[in-house]
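Residue numbers (the numbering used here), protein chains in the order written: chain A, 6 to 232; chain B, 6 to 232.
What follows is a short report on a single structure.
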DNA sequence: CGTCTCATTGACACCCTTCAAACGAAGTGG
DNA sequence: CCACTTCGTTTGAAGGGTGTCAATGAGACG
């Protein structure tokens, strides 16, 4: 109880001021304490060039990180799903923006606590580094996708990836809009939409409303991604 | 001297067998020992899915890391210039290939030595993590480029980046071929060539042979990248 | 039921790719 | 020194995939 107040007093950020009502201080698997914070759909978690006070783990919902150009062109670098860590992909200052894709609850940890822990606990340091490595490996695959794959290949890869990462029984429920998908895959919203319909016409997927996708022919889909 | 033999005996990799004649064991700024190894133009440093025995620092020359699809489409994720570290961008197994772009000398360190050092020396661990973070930040910018920028913007960004990173007096000497540039920027060789000529016709750059580029109008060039 | 937001569909344009040929520089052998 | 080859680059013409612009359709919500 007192620890909660200490943290609250130390960290003067909107995150911690906005912490969930009644939320007590807890410990993250990474090994440091923090608090739960809620964000509603579209709300910003942190902005570009903002000093990086906190590191976050998604508890529920989805977060997108992105870069944006002066004229509005946006590239989403990653979607973070429940259980995943973000905000670590930078040094002292954020070079990305982060926003809640859906209503989201995150676990906010103070960066200082993490680096302090890493300074003494090698296993923790290794874990932290592993998070960054994971992001890097995914971004390398993402570069291949953005630089060299067709719209069909991009979308199929995306759907397969989501099916793997989201709790999917018979169909995937996409948490993000077509615009988000487009900005993630380096396409336009129209191309995403058209490609989605075409995949349906080809019998590869089945759409039940625009957010619900059933992967109808996994073999054919995997052939496209492997190509 | 004896340390050199120990390392040579421990590490059974082509890298260490191929070490430069007469090269003694030295210590890298990262804090571990290793040996110099030479690669000639086009030679592979490591392949995809090869176990990651070593981490490298470029001493002279240039190295490219890339991913390649079954049908030959290639995406270069990064060029590593003199002084830069590569091979760390992965966990235990490489997910990229690395090749020498020019005749290249690298400093090869055993991954085990690095992780062992990181386990005791926090500053070293922090440095290692910093290398990965640097790669991640660059790959995020690269994603924005690949996903959202035009051929002109891509090439201008590339030239500015090279001018900044390479020792450039009045003109930049590009160490890589048009094909490499194309595969780095997610374009075709023809588009790179055409865009290059157009930039010259517009008076933004000046070509003296295809490898030598003078940035004629820095202000205009920076306007394009900032757009 | 009306409004709002988002998704889909259509027509058209354009940037980049593809295919092909010419050009140029570097190296080799006569 | 000069043909000749080879490899990489440049240039041209044509086509296609994706973007742009615009209109229609479909849910969600009050």
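The C-beta atom is built at its ideal place from N, Cα and C for all residues, glycine as well.
Not one beta carbon of chain B lies nearer than 8 Å to the beta carbon of residue 162 of chain A. If the five residues before and after residue 123 of chain A are omitted, its C-beta is found closer than 6 Å to the C-beta atoms of 129, 130, 133, all from its own chain and listed in chain order. Restricting attention to B:98, B:164, B:145, the CA atom closest to the CA of residue 209 of chain B is found in B:164. Taking 8 Å as the CB threshold, residue 38 of chain A stays off the interface with chain B.
The beta carbon of residue 184 of chain B is closer than 6 Å to those of 194 in its chain, skipping five residues each way along the sequence. Counted as a single uninterrupted DSSP element, the stretch harbouring residue 137 of chain A is not any beta strand (DSSP E) but the alpha helix (DSSP H) occupying residues 127 to 153. For residue 36 of chain B, the closest C-alpha among the options B:106, B:197, B:127, B:73 is that of B:127. When the Cα atoms are used, residue 108 of chain B and residue 140 of chain A turn out to be separated by approximately 31 Å. For the pair of segments examined, the region 109 to 117 of chain A was found to touch the region 37 to 50 of chain A: the number of CB pairs separated by less than 8 Å reaches three. With the criterion set as a beta carbon lying under 7 Å from some beta carbon of chain A, the members of the region 143 to 175 of chain B are 144, 145, 147, 148, 149, 151, 152, 153, in sequence order. Under the three-state reduction of DSSP, residue 57 of chain B is assigned to coil, being neither helix nor strand.
By the Cβ test, the region 154 to 163 of chain B is not in contact with the region 135 to 155 of chain A, since fewer than three Cβ pairs between them sit closer than 8 Å.
If you draw a straight line from the Cα of residue 214 of chain A to the Cα of residue 69 of chain A, it is about 22 Å long. Counting C-beta atoms within 10 angstroms of its own C-beta, residue 145 of chain A has 16 or more neighbours from the protein chains shown and is therefore classed as buried. When Cβ-Cβ separations below 8 Å define contact, residue 101 of chain A makes contact with chain B.
Counting the other Cβ atoms within 10 Å of the Cβ of residue 88 of chain B gives fewer than 16, which makes it exposed. Counting along the chain, no beta strand (DSSP E) covers residue 99 of chain A, and no H or E run does either. DSSP places residue 199 of chain B in the uninterrupted alpha helix (DSSP H) bounded by 194 to 206. Residues of chain B whose Cβ lies closer than 7 Å to the Cβ of residue 78 of chain A are, in chain order, 153. For the pair residue 95 of chain B and residue 138 of chain A, the Cα-to-Cα distance works out to about 6 Å.
Judged by beta-carbon spacing, residue 176 of chain A lies within the 8 Å limit of residue 218 of chain A, meaning their Cβ atoms are closer than that value. For residue 224 of chain B, the secondary structure class from DSSP, reduced to helix, strand or coil, is helix. Distance between residue 53 of chain B and residue 190 of chain B, taken at the CA atoms: about 21 Å. Taking the Cα positions, residue 228 of chain A is about 31 Å away from residue 143 of chain B.
Residue 115 of chain A sits in a strand when the DSSP states are folded into three classes. Taking residue 161 of chain A as reference, the option from A:226, A:106, A:125 with the minimal CA-CA separation is A:226. The beta carbon of residue 92 of chain B sits no closer than 8 Å to any beta carbon of chain A. Here DSSP, grouped into helix, strand and coil, assigns residue 175 of chain A to coil. Scanning its chain for C-beta atoms nearer than 7 Å, with the 5 sequence neighbours on each side dropped, one finds around residue 221 of chain A the residues 208, 209, 210, 211, in chain order.
Residue pairing by DSSP places residue 80 of chain B opposite B:72 in a beta bridge.
Shown here for residue 57 of chain B: same chain residues with a beta carbon closer than 8 Å to its own, the five before and five after excluded, namely 51, 92, 95, 96, 97, 98, 99, 116 in chain order. With a threshold of 8 Å between beta carbons, residue 75 of chain B makes contact with chain A. Listed in chain order, the non-local C-beta contacts of residue 48 of chain B below 6 Å within the same chain comprise 105, local neighbours out to five positions each way being set aside.
Under the DSSP assignment, residue 209 of chain B falls outside any beta strand (DSSP E); it carries neither an H nor an E label.
At a cut-off of 8 Å between beta carbons, residue 230 of chain A makes no contact with chain B. The alpha-carbon of residue 200 of chain A is positioned some 21 Å away from that of residue 78 of chain B.
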